[in-house]
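Chain order of the listed sequences is Z and P. Residue numbering for the first sequence follows full-length UniProt numbering, beginning at 1 and increasing consecutively. Residue numbering for the second sequence follows full-length UniProt numbering, beginning at 1 and increasing consecutively. Inspection log for the structure reproduced underneath, given as structure tokens.
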Amino acid sequence: MALRHPAPASSLDASFLSRIASLKLHDLRLSLRPLPFTASFCLPHRVPQGSSSSPSQPSQERLVVAADALDLDASAIKRAVLTTGEVTIFNTIESFKELDKKQFLHNIATEMCRQIDSGEVEENPSLLVRCDVIVFSDLKDYKHYYWFAFPALCFPDPPTLSDSILSMEDVMSSDMIHQLHIGYNGLLESSGNGIPPFFIVVEDKDANTVSVKPLSHYPACAQSGKQVLFGFVDHSPLQSNPGWPLRNLLYFLNRRWSLSDVTVLCYRDFSENMQRESQAEWHSRQGRRADSDRVKETLSWELNQKGKLGPRCADLAPFMDPKRRAIESADLNLKLMRWRFLPNLDTESLSHKRCLLLGAGTLGCNVARSLTSWGFRKITFVDYGKVSYSNPTRQWLFEFEDCLSLSRSDVSLQAAADRLSRIVPNMEAEGFELSIPMPGHPVAEELQGKVLADVAKLADLIQHADLIFLLTDTRESRWLPTLLCACKSKPCINVALGFDTFVVMRHGVPDPANATDPQQIPSCNLGCYFCNDVVAPMNSTRNRTLDQQCTATRPGLSPIASSIAVEIAVSLLHHPKGCLAQADTEEEQEGTDLGILPHQIRGFLSSFSNVVVQGRPFKHCTACSAVILNQYATRGNEFLLRAFNEPNFLEEASGLTDMLREGEALMEDWEDDEVEELEP
Amino acid sequence: MKYEEFQSAAMAFMAEANDHGQEWKWVPNHPRPLQNVGADDRGYLALEEVYREPLEIDSTENRNELDDEDSCTFIDPSVIKSETAQPNMYRYHVVYVEAYQCPVLFLQGKSIDGRLLDTEYIWRDCCGSMNHEQSWLTDSCLPTPEEHPVTGEPFHFVHPCRSKDFMDAIMQAFLPSVQEPCTQSNLRYFKLWLSVYGQAVGLRLPLALHSSNPHPT
Ligand SMILES: [Zn+2]
């Protein structure tokens, strides 16, 4: 049968690559000088006796490249067969790629043939067991591309091997086998670092003796007329196929000593120290080979993980890069949470969701913090120029220094974004200075262009966001974002604070189930912040209990409300219906793995209680009602400008004025649905 | 447990396990000049090369644009291509950690080509097979990334925080009827600890080890 062997497999220790990278950086630099290194063969594993189901074992011959592979005179002597060969470290990925791989192997084969012809090989048989590797290290990204070659010298026709595997007991007496072991151990003792892969076994049938000698003794022994067998330390895990080095041995024997018919003793040792007689096996095989005048081809490059001819890639960033290590450990908590409690938690997708935070004050800072710990990594802040970052104790993303640069709000916003990135290296945070136009704040003729540009920018930011948090500190500034989010069916989470009360709510979006006219935007599934009002935002004459116009709030309120807002957002993202999910209550729930998905949570710090409430959409809402959405959809900026400029425009446009005129009777209709009024 | 007690229990355990075909090794601590770690006469217990079948995973994880088949179209007919996926290798080390005053189980998972397995893979591979009654164990034993205290290599470890209470309880339950010498009870503790916590991370001790009793009563 043709000689066939299991594919050798490289097993590369990550620390070897780190060594390579540091050598390249500090010593080699641009030099392409190859460095000699060794790989050591792994002992094959014997299937444990008496085990019914054999545990999985590698079916490849493994070559381990350890951290100290470059130290050829390693202080710790290795009791293993070591390869010879070189590592070549390339400067660019292109040169790595463009290397003529065939020529590369051909050069190695030529060198091996030269070593055979010069007699070097019989002095150092390891030269036949060669393993070479080319490497490109992307030092910036801790990525290493490497490709191993295990050069095999090929005959024009493949060598053959006898079918029968003879156990040594069949060819030698037990006494001779014992001598064989003693001889082999003697050879090991006399060899330095590494075990010689090949040796000869000299048999004197008349004297009934066997001795083990280095390969270089062959010519002398052959001349004396004794029977010479060739020993080979076999690491193949396959029972009937010897390992890959045998092929090069047969080539060598033919080229050097014109031997074409040889008997090979394959020595397999399963014990740790390679010397325990009881665990070793010897097999006798006949190898046959014709002429080897020329090398037909040299093989072979190792296949990669996909079974293709190509390099492998080792990404050490998760272990080496301090940034990546920080990222990994931040993710670890989320992974633990998913593993233990919430198998359906999609933390990966959270990191890709773009969060838009309208307002970068106390609420913005706290929402950003909660988002960060949930694994959100794309955060955009929007705030306007006049925000005073005067309270770093509550706005934890700002520092005292930022308060000094009040005139440059964009600098401060960017500072907050940068600080987030410093907390988590893979955070993508940015800040935009933008003044949100408000109803009841008339736009001067000359400012119209700027205001409309702000509207366009805000619309664009909302369009590209996956999640919007409405965290501004005035009631009027919430109107435009509420309208835009409803128009674009974007999830909008609204947070407002009183002194010791808060409301967190997710706004509704137009619900196709409510559609009556296909040309018109249907009404929303849930209410918005303005749905409970009978006045448009500009007429805020009532005693507001919410919103930070009343700037005195209990310090704990904002972190509590912000955390609840982010928890609602995460639940919303995990709900299959998303924004169209029903408003869960404790009695009636659809929910997600995380629990119920309510519409609103109202919190009362004075009694340490939260209430889950549902607010219906108000058909005359000045921000989210279908009538308003449709007017904006058809009239666009003209509609907005009138809303900004004209008092009472929104009440009239929404039909609120008409309704109020119709009097008390009608009002009762919706008052039943209205949630209870919050009192301070 | 004091270090000396750990070492003698570990040595005794190693001898027993090796008799049953599981080849544990005692590895002396090597000095690490770069990390300023000096030599001492301590060591740790190691079981190397425990093979496990790979999990079925879509291979999209290996993004590698460098596949380059044009320059190397030759395929060696003499090479036996392996039909099955190669197994992964696990290393289990039992290291005495001064800060916890007890032995701690470290493990490292590698694919056959030497790449380190990531945390979630290890969880799924080692801890995913636990049944419901054992899940309390998995909960408290999920391995987390940690540098090997001796070699500095990236390993995972099972945090020992809950092991003391649990082990105290279990040792009480299995209290022998007669007073036993301290060394014996340390070995018993060590075996019990390793079989319980090892099991949570895919380490199986030879069955015979549990029934073997060097001092039958
Ligand atoms: Zn509304």
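Even glycine gets a Cβ: it sits at the ideal position worked out from N, Cα and C.
Residue contact with chain Z for Lys81/P: present (Cβ-Cβ distance below 8 angstroms to some residue of chain Z). Around the beta-carbon of Gln239/Z, fewer than 16 other beta-carbon atoms lie within 10 Å, marking it exposed. Counting along the chain, Lys450/Z sits inside the alpha helix (DSSP H) bounded by residues Gln448 to Gln463. Chain Z places a beta carbon closer than 8 angstroms to that of Leu116/P, counting this residue as a contact.
No residue range can be given for Ser78/P, since it is assigned to no alpha helix (DSSP H) and is classified by DSSP as neither H nor E. For Asp27/Z, the three-state secondary structure derived from DSSP is helix. For a Cβ distance threshold of 8 angstroms, residue set Ala9, Ser11, Pro58, Gln60 and Arg62 of chain Z lies close to Ile112/P, ordered along the chain. Here Leu458/Z is not near Leu497/Z, since their CB atoms are 8 angstroms or more apart.
The DSSP-derived three-state label of His217/Z is helix. A Cβ-Cβ distance of about 7 angstroms is found for the pair Phe530/Z and Trp479/Z, placing them in contact under the 8 angstroms criterion. Look at Val202/Z here: in three-state DSSP terms it is strand. In this structure, DSSP gives Ser167/Z an extended state, which the three-state scheme calls strand. For Thr183/P, the number of other beta carbons within 10 angstroms of its own is below 16, and it is reported as exposed.
DSSP lists Ile493/Z as the beta-bridge partner residues of Arg506/Z. Ala623/Z has its CB nearer than 7 angstroms to a heavy atom of ligand 1. Within the model, the alpha-carbon separation for Ser167/Z versus Phe230/Z is close to 15 angstroms.
Closest option to Ser162/Z, judged by alpha-carbon separation, among Glu203/Z, Pro242/Z, Ile93/Z and Glu169/Z: Pro242/Z.
Of the candidates Gln57/Z, Ser56/Z, Thr84/Z and His5/Z, Thr84/Z places its Cα closest to the Cα of Val65/Z. No Cβ of chain Z is located within less than 8 angstroms of the beta carbon of Trp26/P. Between ligand 1 and the CB of Pro617/Z, the shortest heavy atom gap is smaller than 7 angstroms. For Asn107/Z and Ile116/Z, the gap between their C-alpha atoms comes out near 14 angstroms.
Per DSSP, Pro559/Z is one residue of the alpha helix (DSSP H) stretching across Leu557 to His574. Looking at the backbone, the Cα of Met171/P and that of Ser195/P are separated by about 13 angstroms. Within chain Z, the residues whose beta carbon sits less than 7 angstroms from that of Leu142/P are Leu336 and Trp339, listed in sequence order. Ala317/Z is outside the set of residues whose beta carbon lies under 8 angstroms from a beta carbon in chain P. The continuous beta strand (DSSP E) containing Phe232/Z extends over residues Gln227 to Val233. The Cβ atoms of Ile122/P and Met89/P lie no closer than 8 angstroms to each other. The alpha-carbon of Pro151/Z is positioned some 15 angstroms away from that of Pro125/Z. Within chain P, the C-beta atoms nearer than 8 angstroms to that of Pro6/Z come from Val79, Ile80 and Ser82, in chain order.
In this structure, the straight-line span from the alpha carbon of Cys113/Z to that of Asn193/Z is close to 24 angstroms. Set against 7 angstroms, the gap from the CB of Gly527/Z to the closest heavy atom of ligand 1 is smaller. In this structure, the CA atom of Ile628/Z is about 23 angstroms from the CA atom of Ala581/Z.
Here Leu203/P has Tyr92 as same chain residues with Cβ atoms under 6 angstroms from its own Cβ, once five neighbours each way along the sequence are excluded.
Under the three-state reduction of DSSP output, Ile521/Z falls in the coil class, being neither helix nor strand. Arg247/Z and Arg354/Z have their C-alpha atoms some 59 angstroms from each other. Only residues of its own chain outside the window of five on either side were considered, and among them Pro87 have a CB closer than 6 angstroms to the CB of Glu53/P, listed in chain order.
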